[in-house]
Amino acid sequence: MKNSASELFRQQSGGYTVAFGYIRQLAVHLRASTKVKTKASLAEAYKQVYNWQFVHCVDFWSLVLARGDEELQPLVYPLVQVGLGAVSLIPSQRYHPLHIHILTSLHHLATHTKTYIPISSHLLPILTSYLSTSKPKSAMLKPLDMASTIRAPSAYLKTHVLAESVVQEAVWLLAESVPSTSVAFPEVVFPITSTLKKSLKKNSSASSKVVQGVKSLVEHLEEHSKWTAEQRKNVQFGPEKWEDVGRWEEEEGRGGPLERWVKVLRKQREGRRKAAGGAADA
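Each step along the sequence shown adds one to the number in our numbering, with nothing skipped, and position 229 is 1030.
This is how it looks when you write it as C-alpha cells:
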C-alpha cells in the first residue's frame, strides 16, 4: 500500500510543500521528546515518537524521496536527521526492533538516492550490546516476529530469543548496507570488523547463535575485503578520479563473496517472515 501511495504522491502538484509539512511534524515530535525534563512527562513524550505511526511515516517518506524526484531531494537530509534522532532517543534493547525498522527505511533511501547514511554506526551498538550483556535467560518462547514488532514484550527481555532475533536482523542489515562494490571497501569496513572482533574477545556469556552470527559477519566482511584488495591491486587512478572510480565499481567491484552471502541472508530473512506470518494466521 505504501509503495502505491508513494507512486501516486509523485503525480500530485505541490509535493514538496506537503512532504515538508509532514517531515517537519515528525521533527517537532522528536524535538519535543528530547526537551522534556520531568519523569512524569517523559514517558508520554517518548510515545509521540516510539509508535507505529511514526515508524510508518519515516518509511513512507523514505519511499517517496527514494523515487528520485529532484524537487524533493532537499528533504533527504532532514528526514535522515529525524530517523537517526529517533534511533538514538532510547538506546534500550526493548526498542531495538523499532531501531532496525527505521534503519531499514533509511538504508532503502540511501541506496536509491546514492546518499551516505551512517547505518553501520547505529547497528554496531545493537550488535555489541548482545555480546557484552550478562548470560541471557532461557525461555520457551517462539522467535520474535521482527516484521510486526517495534517494542519487545517484557517476557522477551534479557532472553536468548530476543538476542537471536535482533542479531539476525541486524547482521542482515549491516551486510546489506555496507558498500560491497566500493574500491575502498577494506578501509570502510575495518572499523566495523575491529569493533566486533574486540567485542567477541571480551564476550563470555552471549548466546552461541549470537556469537556465531556476529563471527560469520566478520568473516564475510574480511573475506570480501581480501577479494576487493586483490581486484584493485593494479588500479592506476586515485580517489579524485570519480569517473574512473565509478567505472571500476561497475565493472570490477561486482560479484564478490559478500554479495553472494547477502543473497543467502535475504532468502533466510524471507523464510523467517513467511514462517512468522503463517504462525500468526494459524
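Idealized CB from N, CA, C, for every residue including glycine.
Return the residue from the list the options that minimises the CA-CA distance to residue i.
i                 : options                           : result
arginine 832      : Leu997, Ala887, Trp1028, Ala976   : Ala887
serine 1111       : Lys936, Ile903, Lys943, Trp1028   : Outside the shown range of the chain, which is 802 to 1083, sits residue 1111, and nothing can be said about it.
lysine 1075       : Pro875, Glu1052, Asp946, Ile824   : Asp946
lysine 959        : Ser921, Ser983, Ala1007           : Ala1007
serine 1138       : Arg1073, Tyr823, Phe991           : Because the chain is modelled from 802 through 1083, residue 1138 falls outside the range shown and cannot be assessed.
aspartate 870     : Arg1073, Leu1001, Leu910          : Leu910
arginine 1073     : Ala948, Val837, Ala940            : Ala948
glutamate 988     : Leu1001, Lys1002, Arg1033         : Arg1033
serine 939        : Ala964, Leu924, Thr916            : Ala964
glutamine 874     : Gly884, Trp862, Val984            : Trp862
aspartate 1045    : Val984, Gly822, Val972            : Val984
proline 892       : His908, Leu924, Leu907            : Leu924
phenylalanine 810 : Phe1038, Ser1000, Glu872, Thr982  : Glu872
arginine 1055     : Thr982, Ser1000, Gln1037, Ser1009 : Thr982
Have a look at residue i and residue j and give me their C-alpha separation to the nearest angstrom.
i               : j               : result
histidine 857   : alanine 828     : 14 Å
asparagine 1004 : glutamate 1020  : 17 Å
arginine 1048   : proline 1058    : 20 Å
threonine 950   : threonine 996   : 28 Å
lysine 1027     : serine 978      : 19 Å
alanine 1077    : histidine 1025  : 32 Å
valine 962      : proline 944     : 6 Å
leucine 1066    : glutamate 1031  : 25 Å
glutamine 1069  : lysine 1016     : 17 Å
tryptophan 853  : aspartate 860   : 10 Å
glutamate 1060  : alanine 844     : 42 Å
valine 803      : threonine 905   : Checking the displayed sequence, the identity of residue 803 turns out to be lysine instead of valine. Going by the C-alpha atoms only, they are around 15 Å apart.
valine 1012     : proline 937     : 12 Å
proline 879     : arginine 825    : 8 Å
alanine 1083    : alanine 956     : Low confidence applies here, because alanine 1083 scores a pLDDT of 38, under 50, leaving its location unreliable and the question unanswered by this model.
glutamate 1041  : glutamate 1050  : 14 Å
threonine 818   : glutamine 882   : 19 Å
serine 807      : asparagine 1035 : 44 Å
leucine 876     : glycine 816     : 11 Å
histidine 900   : leucine 907     : 11 Å
glycine 1039    : proline 980     : 18 Å
methionine 941  : lysine 998      : 30 Å
lysine 848      : serine 805      : 28 Å
Thinking residue i and residue j are a contact (beta carbons under 8 Å), I'd like their distance in whole angstroms, please.
i              : j                 : result
histidine 913  : alanine 976       : The Cβ separation is near 18 Å, so there is no contact.
arginine 895   : alanine 953       : 5 Å
valine 850     : alanine 820       : With a Cβ gap of about 19 Å, valine 850 and alanine 820 do not count as contacting.
isoleucine 993 : leucine 974       : Wrong, their Cβ atoms sit about 13 Å apart, outside the cutoff.
threonine 1029 : phenylalanine 986 : 4 Å
glycine 927    : histidine 897     : Note on residue identity: the sequence assigns isoleucine, not glycine, to residue 927. Right, their Cβ atoms sit about 5 Å apart.
glycine 1014   : valine 1063       : Rounded, the Cβ-Cβ distance is 14 Å, inconsistent with contact.
Going by the DSSP bridge assignment, what does residue i pair with across the sheet?
i          : result
lysine 938 : Thr960
* Below 8 Å, can you find three or more Cβ-Cβ pairs linking the segment 921–931 to the segment 955–971? -> yes
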